[in-house]
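A.B. asks: My numbering puts the sequence shown at residues 214 to 297.
Ideal placement from N, C-alpha and C gives every residue a C-beta, glycine not left out.
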Amino acid sequence: MERRCVLNSWSKEEVRAVIRYEWACGVSGTEIHNRLVEVYGPGVMSKQMVRRWCRTFSDGRQQVEDIPRAGRPLQMQVSGRWMT
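1) Consult DSSP for Met262 and reduce its assignment to one of helix, strand or coil.
2) Compute the Euclidean distance between the alpha carbons of Leu220 and Gly284, then round it to the nearest angstrom.
3) Looking only at C-alpha atoms, which of Glu226, Met262 and Arg264 sits nearest to Ile280?
4) What is the C-beta distance between Phe270 and Trp236, in whole angstroms, given that I count them as a contact (C-beta under 8 Å)?
5) Tell me which residue opens and which closes the alpha helix (DSSP H) that Ala230 is part of.
6) Relative to the C-alpha of Glu251, which candidate in Val277, Val228 and Arg264 has its C-alpha closest?
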């Protein structure tokens, strides 16, 4: 079998886009994971997370970017001063 070049850098959005494309082509989550590891290396994403993204796309999600969510503010004002 031919050994492919392992990419040293990638973004989570890039990997999710690859998952979405492969899922749309009918590739199983396990096979998608195998292909990702072959190209991006073993630290790319767990098989469980790949399967979760496949389910998410099956449920109708289209975007690969994180959805904004509520959380702790980066700064807050206390007695007229900004605290970080």
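C.D. replies: For this structure:
1) helix
2) 33 Å
3) Glu226
4) 5 Å
5) Lys225 to Ala237
6) Val228
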